[in-house]
Amino acid sequence: MAEEKSDEEQLQDLEVALKRAPGDMYAFGLGLRKLFNELQVTGNDEATKKFLSVRDKTREQAVIYVKEVLPSSEEAVKAISALMDTYTDLDKDEWLESLDEILEELEDAHAVCKLLRQMHNDIIVELYKNSDEAKVGIELLTELSQEYEREKARLLEEAVQHSESAENARVFRSPTSSTHSGCICADRRICGLC
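Using the working numbering, read the sequence shown as starting at 762 and increasing by one per residue.
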């Protein structure tokens, strides 16, 4: 069974995650921008509609995170840091005099942390739903890709056949053996080559 982390370790983990979050969100934003601007998906079939739906939902969650959760998390970490400074800056007598205020601040901080945890969990749940939809979308896109590959092979085969037919037609149109315009047939009205 996993050992539960101390409050101090959890706080350090949170600080590390918050320090890493802006860079991660920047990279995520660049990926979304590329999907929106450079790799414009049309949404003409079910697979690409699913892809666009997942992309849009994920983008909405990213915007919520950047505009609401991240700033609130940063404020919470600042408040916790200030609270920790209070513990280290006060001596015993000052600490005892401020105990009621400290307890009130701790309760407020605890409520904010619970709210932030819930906000993170809500976003995680939505991202997992998007992940499940993305898996379905990947299957659809894979099927679509295979269908396009089959269509490409069919069209290439058809092109080879037409090319061979055209080559055969050129061979039979020898100007020396024709009675009219280089064709070997005797009647222009029947001939399809001349």
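The C-beta atom is built at its ideal place from N, Cα and C for all residues, glycine as well.
Would a check of beta-carbon distances place Ile-899 closer than 8 angstroms to chain C?
-> The structure shown has no chain C; it contains just one protein chain.
Starting from Tyr-826 and walking both ways along the alpha helix (DSSP H), at which residues does that stretch end?
-> Segment: none, Tyr-826 is in no alpha helix (DSSP H) and carries neither H nor E.
Select from Ala-823, Ser-833, Asp-785, Leu-791 the residue whose C-alpha is nearest the C-alpha of Ile-885.
-> Ala-823
So, helix, strand or coil for Leu-851, using DSSP?
-> coil
Is there contact here, the stretch 828 to 840 with the stretch 909 to 917, by at least three beta-carbon pairs under 8 angstroms?
-> no
Residue environment, Gly-898, which counts as buried when at least 16 other CB atoms sit within 10 Å = buried
Cα-Cα separation between Val-873 and Leu-867, rounded to whole angstroms | 10 angstroms
For Leu-902 versus Phe-812, is the C-beta spacing smaller than 8 angstroms?
-> yes
What's the C-alpha gap between Ala-843 and Ile-825?
-> 26 angstroms
Where does Ser-842 fall in DSSP's three states?
-> helix
Tell me whether the beta-carbon of Met-786 lies closer than 8 angstroms to the beta-carbon of Val-827.
-> yes
For Asp-817 versus Leu-905, is the C-beta distance shorter than 8 angstroms?
-> no
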